[in-house]
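Protein chains in written order, with my numbering: chain G, 54 to 213; chain R, 54 to 213. Even glycine gets a Cβ: it sits at the ideal position worked out from N, Cα and C. Bear in mind that the values here come from a model prediction, so they are computed numbers and not experimental data. Comments concern the structure below.
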DNA sequence: GATAATTGATCAGTATGCTGATTATCAGTA
DNA sequence: TACTGATAATCAGCATACTGATCAATTATC
């Protein structure tokens with residue numbers, strides 16, 4: 054029987070734990086209380102103002118039911134505004150606030166730094182290769198989780 | 054600004070989501086209701102009968118407060134027995150039950166299969182390299198999370 | 001042997017992440 | 001127009017993960 058500790062699923066869980074811990078530590082050191090998930094949402098909304106929650110979920114590969122709570126907390130912190138859409142009364146349009154924009158800009162250096170820390174055991178070439186393999190594996194497995202990445206088509210992106 | 058979707062932290066989160074989904078799907082297809090975390094705990098206890106919860110946490114890199122709930126649920130399912138230790142009345146000794154052993158043996162092929170599915174986008178060489186890089190990065194970052202791996206020393210292992 | 005420091009387990013609280021259901025709304029069709 | 005199906009958001013419930021605290025028991029120190 055293979056040692057469970059040496060299975061890819063287990064290794065990934067451990068690296069994910071390290072990645073989250075490093076992210077939070079770097080963000081806190083920079084004076085921000087933001088989780089990786091909250092940062093990703095904030096960043097995506099900043100680049101796509103006015104999107105609804107389902108589109109946001111697809112952009113960053115979140116589960117749709119998880120989004121509600123994440124957005125709740127960002128609204129609570131004053132970093133996002135959530136308003137009913139006039140085009141579709143089921144949907145909520147998400148906008149980043151002034152403070153959200155300042156937070157995003159302020160925390161980004163810490164986020165970049167965190168990526169280096171979590172990969173500190175790898176050389177530059179190894180980091181590139183690691184990310185290439187991650188991208189490749191994720192692309193092949195995208196549809197296997199309930200929260201696949203959904204690229205916004207050119208149609209949706211320009212118009213709406 | 055770098056696309057958040059292309060940062061290692063984000064890529065790892067997505068791969069972890071896929072890995073968990075694949076694991077659960079394969080386990081369910083084989084007739085078992087077991088999470089990756091529960092499998093890891095069961096497996097570790099099976100190979101180290103009588104260990105306490107802190108040692109278990111170190112063996113598989115869990116947070117000590119998470120272990121309580123995981124063990125609770127495995128005891129609930131009848132796969133584990135948890136008894137107070139006579140050597141240290143603070144500690145609980147964990148034993149795998151007959152049914153736990155049957156479950157472990159029965160589900161293991163599905164667990165092995167899951168590892169292949171989650172890496173289906175990679176060639177055999179790429180899988181090896183991916184795991185090598187994961188191991189290397191984790192080793193370097195082990196102490197950065199609250200749940201580092203703690204190998205059982207020869208001393209502790211033989212005795213008890 | 002008394003005291004201090006440490007340790008094993010648990011708990012309260014918070015944040016992802018999932019399954020499956022519900023509600024309101026929208027879109028297509030007979 | 002009435003009906004059907006699909007969709008956006010939310011909810012209840014469950015399972016990881018973490019922070020920080022508490023309690024009981026053990027170990028170390030004086």
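Exercise. Taking 8 angstroms as the cut-off, decide whether the C-beta atoms of residue 71/R and residue 194/G are in contact.
Key: Here residue 71/R is taken as the residue at index 18 of the second chain, counted from 1. Here residue 194/G is taken as the residue at index 141 of the first chain, counted from 1. Cβ atoms of residue 71/R and residue 194/G: closer than 8 angstroms.
Quiz item: Which residues does DSSP pair with residue 109/G in a beta bridge?
Solution: If you number the first chain from 1, residue 109/G lands on position 56. The beta-bridge partner set that DSSP reports for residue 109/G is empty.
Quiz item: residue 137/R: buried (16+ other C-beta within 10 angstroms of its C-beta) or exposed?
Solution: Residue mapping note: residue 137/R aligns to position 84 of the second chain, counting from 1. With fewer than 16 other Cβ atoms within 10 Å, it is exposed.
Quiz item: Going along the chain, which residues of the segment 71-92 of chain R sit with their C-beta nearer than 9 angstroms to a C-beta in chain G?
Solution: Cβ proximity to chain G below 9 angstroms picks out 71, 72, 73, 74, 75, 76, 78, 89, 90 and 92 from the segment 71-92 of chain R.
Self-check item: For residue 136/R, three-class secondary structure by DSSP
Solution: Counting from 1 along the second chain, the entry for residue 136/R is found at position 83. The answer is strand: DSSP assigns residue 136/R an E or B state.
Practice problem: List the residues of chain R that residue 199/G touches, going by C-beta distances under 7 angstroms, in chain order. | Solution: Stepping through the first chain from its first residue, residue 199/G is reached at position 146. For residue 199/G, the chain R residues whose Cβ falls inside 7 angstroms of its Cβ are 74, in order along the chain.
Quiz prompt | Whole-Å CB distance - residue 163/G paired with residue 94/G, under 8 angstroms assumed | solution = As a working note, residue 163/G is residue 110 in the first chain. As a working note, residue 94/G is residue 41 in the first chain. The beta carbons of residue 163/G and residue 94/G sit about 17 angstroms from each other, so the pair does not count as a contact at 8 angstroms.
Practice problem: Indicate whether at least one CB of chain G lies closer than 8 angstroms to the CB of residue 192/R. | Solution: On the second chain, position 139 is the one that residue 192/R refers to. A Cβ of chain G is located within less than 8 angstroms of the beta carbon of residue 192/R.
Quiz item: Should residue 207/R be flagged as near chain G, meaning a C-beta pair shorter than 8 angstroms?
Solution: Counting from one through the second chain, the residue named residue 207/R turns up at place 154. Residue confidence for residue 207/R is low, a pLDDT of 43 falling below 50, so the modelled location carries little weight; the figure read from the coordinates is stated next. Judged by the 8 angstroms Cβ criterion, residue 207/R is not in contact with chain G.
Practice problem: Would you kindly report the start and end of the unbroken alpha helix (DSSP H) that includes residue 142/R? | Solution: By one-based count along the second chain, residue 142/R stands at place 89. Per DSSP, residue 142/R belongs to no alpha helix (DSSP H) and is neither H nor E.
Exercise. Inspect the beta-carbon positions of residue 145/R and residue 155/R and report whether they are closer than 8 angstroms.
Key: For the purposes of this step, residue 145/R is identified with residue 92 of the second chain, where counting begins at 1. For the purposes of this step, residue 155/R is identified with residue 102 of the second chain, where counting begins at 1. Between residue 145/R and residue 155/R, the C-beta spacing is not below 8 angstroms.
Quiz item: Relative to the C-alpha of residue 73/G, which residue among 89/G, 160/G, 84/G and 176/G is closest?
Solution: Looking up residue 73/G in the first chain gives position 20. Per the Cα distances, 89/G.
Quiz prompt | Enclosing alpha helix (DSSP H) for residue 130/R [first to last residue] | solution = In the second chain, the residue the question calls residue 130/R occupies position 77. Careful: residue 130/R lies outside any alpha helix (DSSP H) and carries neither H nor E.
Self-check item: Spatially closest choice to residue 197/R from 61/G, 67/G and 56/G, by CA coordinates
Solution: To locate residue 197/R, count along the second chain from 1; it is residue 144. Minimum Cα distance to residue 197/R is reached at 67/G.
Quiz item: In three-state terms, what does DSSP make of residue 149/R?
Solution: Here residue 149/R refers to the residue found at position 96 of the second chain. Strand at residue 149/R.
Quiz prompt | Range covered by the alpha helix (DSSP H) that runs through residue 64/R | solution = In the second chain, counting from the first residue as 1, residue 64/R sits at position 11. Judged by DSSP secondary structure, residue 64/R falls within the alpha helix (DSSP H) whose first and last residues are 61-82.
Quiz item: Cα-Cα, which of 147/R, 59/R, 190/R and 202/R is closest to residue 128/R?
Solution: As a first step, residue 128/R is located in the second chain; it is residue number 75 there, counting from the start. That would be 147/R, whose Cα lies nearest to the Cα of residue 128/R.
Practice problem: Rank 189/G, 180/G and 201/G by C-alpha distance to the C-alpha of residue 176/R and give the top, closest one. | Solution: The sequence position of residue 176/R within the second chain is 123, counting from 1. Nearest of 189/G, 180/G and 201/G to residue 176/R, Cα basis: 189/G.
Quiz prompt | Distance between beta carbons of residue 64/G and residue 187/R, contact taken as under 8 angstroms | solution = For this step, residue 187/R is matched to residue 134 along the second chain. For this step, residue 64/G is matched to residue 11 along the first chain. So it is a contact: roughly 4 angstroms between Cβ atoms.
Practice problem: Locate the alpha helix (DSSP H) running through residue 204/R, then write down its first and last residues. | Solution: On the second chain, position 151 is the one that residue 204/R refers to. According to the DSSP assignment, residue 204/R belongs to no alpha helix (DSSP H), since it is labelled neither H nor E.
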